[in-house]
Amino acid sequence: MIRFDNFTKIYDQKSRPALQSVSLEVNRSEFVFLVGASGSGKSTFIRLVLKEESASLGAVHVAGRNVADIAGWRVPRLRRGIGVVFQDFRLLPNKTAFANVAFAMQVTGKSRAVIRETVPDVLRIVGLEGKGNRMPHELSGGEQQRVGIARAIVNKPAILLADEPTGNLDPTTSMGIMNILEHINRNGTTVVMATHDNTIVNSLRKRVVELRHGRVVRDEAQGIYGGDIRAAAG
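Set out below in structure tokens:
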């Protein structure tokens with residue numbers, strides 16, 4: 042689903058590479074935690090999958106395609122197959138929860154009838170049934186993040202990227218968000234989540250890929266946030 046082949050990303054020849062000699066594969070329907078200190082390369086990883094950045098060396102494949110071969114005008118089509126959840130929610134403040142989710146469908150050309158039918162179902166999935174008419178400022182942080190997740194999955198993407206989705210939430214709310222992400226994953230969506238939340242990583246015991254100074258230093262199934270550092274394959 043996502044494959045990095047001996048990938049290196051260099052922003053400045055005088056600085057350490059943001060990612061260096063990274064080779065890893067995320068399979069269809071897998072749930073992967075991407076962990077590491079700030080500056081370790083997690084956000085660069087996500088931007089590369091979205092083709093917001095390009096390779097210095099090596100290649101990134103998404104859904105079977107080398108993203109370097111995707112013409113600029115086709116990038117929106119690539120991104121329609123990828124949902125993204127952000128730490129800071131990024132909701133449109135002047136639109137209701139329903140309208141925020143509907144907007145993601147409108148930009149892909151979905152009809153009003155399809156939007157009216159689909160959005161309430163997706164809001165129900167994320168636990169916001171009956172709250173579609175609320176404005177973002179009328180929702181708690183956890184509820185705003187649920188709107189963000191609904192917006193990310195409403196077009197049924199094959200891949201969901203979550204960049205610190207629980208970073209601004211309390212532990213109880215964070216676990217509620219993780220339950221939703223697990224549900225989405227069980228239904229077949231590939232989930233890659235960048236996080237600093239050791240409690241969540243240690244509780245869920247999914248695959249853990251650890252980055253340090255741009256290199257993969259650990260890649261283990263049913264991993265924990267810390268633990269012994271192991272050399273990654275490749």
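Note that the sequence shown covers residues 42 to 275 in this note's numbering. The beta carbon of each residue, even a glycine, is placed where N, CA and C say it ideally should be. All values reported here derive from a predicted model rather than from experimental measurement.
Taking C-alpha atoms, which residue in the options lies nearest to residue i?
i: R246; options: R253, L252, E261 and V257; result: E261
i: I43; options: N68, N226 and R120; result: N68
i: V142; options: G267, V63 and Q185; result: Q185
i: F86; options: S70, V103 and G150; result: V103
i: P206; options: G99, R131 and V90; result: R131
i: I221; options: L164, W114, I123 and P58; result: L164
i: R120; options: D129, R106 and D162; result: R106
i: V167; options: V90, P58 and I225; result: I225
i: I218; options: I190, S244 and V233; result: I190
i: V148; options: V195, N174 and G173; result: V195
Return helix, strand or coil for residue i, following the three-state DSSP convention.
i: V99; result: A small correction: the amino acid at residue 99 is Gly; Val does not occupy that position in the sequence shown. It is a strand residue.
i: F144; result: helix
i: D162; result: helix
i: V167; result: coil
i: V258; result: strand
i: V116; result: helix
i: K83; result: helix
i: E184; result: helix
i: F74; result: strand
i: L222; result: helix
i: L201; result: strand
i: L60; result: strand
i: R271; result: Note that R271 scores a pLDDT of 40, beneath 50, so its modelled location is shaky and nothing firm can be said.
i: V232; result: strand
i: N17; result: A question about residue 17 goes unanswered here, because the residues of the chain that appear run from 42 up to 275.
Just the C-alpha distance for residue i and residue j, rounded to the nearest angstrom, thanks.
i: H254; j: F48; result: 14 Å
i: F45; j: V116; result: 18 Å
i: V126; j: V188; result: 10 Å
i: V258; j: E66; result: 15 Å
i: S152; j: K197; result: 16 Å
i: L202; j: L210; result: 18 Å
i: L60; j: R157; result: 43 Å
i: L98; j: D110; result: 14 Å
i: A274; j: S62; result: Confidence in A274 is poor, its pLDDT being 32 and thus under 50, which makes the residue's placement unreliable; the coordinate value appears in the next sentence. About 11 Å.
i: S95; j: G171; result: 42 Å
i: I200; j: F72; result: 10 Å
i: V160; j: A100; result: 36 Å
i: S64; j: A154; result: 44 Å
i: M146; j: G122; result: 12 Å
Is it buried or exposed, residue i, if we count other Cβ atoms within 10 angstroms and call 16 or more buried?
i: D204; result: buried
i: R192; result: buried
i: T230; result: buried
i: R271; result: Unreliable positioning characterises R271 in this predicted model, as indicated by a pLDDT of 40, which lies under 50. The coordinate reading is nonetheless provided below. R271 comes out exposed.
i: G264; result: buried
i: E93; result: exposed
i: L133; result: exposed
i: R118; result: exposed
i: S215; result: buried
Check whether chain B comes within 8 Å of residue i, counting only Cβ atoms and requiring the distance to be less than that.
i: W114; result: In the structure shown, chain B cannot be found, because there is only a single protein chain.
Discussion item. Three Cβ pairs or more, each shorter than 8 Å: is that satisfied between the segment 133-149 and the segment 174-183?
Written reply: yes
Discussion item. Is it the case that the segment 230-240 contacts the segment 71-91, given that we only count it when at least three CB pairs across the two stretches are under 8 Å?
Written reply: Contact holds: three or more Cβ-Cβ distances are below 8 Å.
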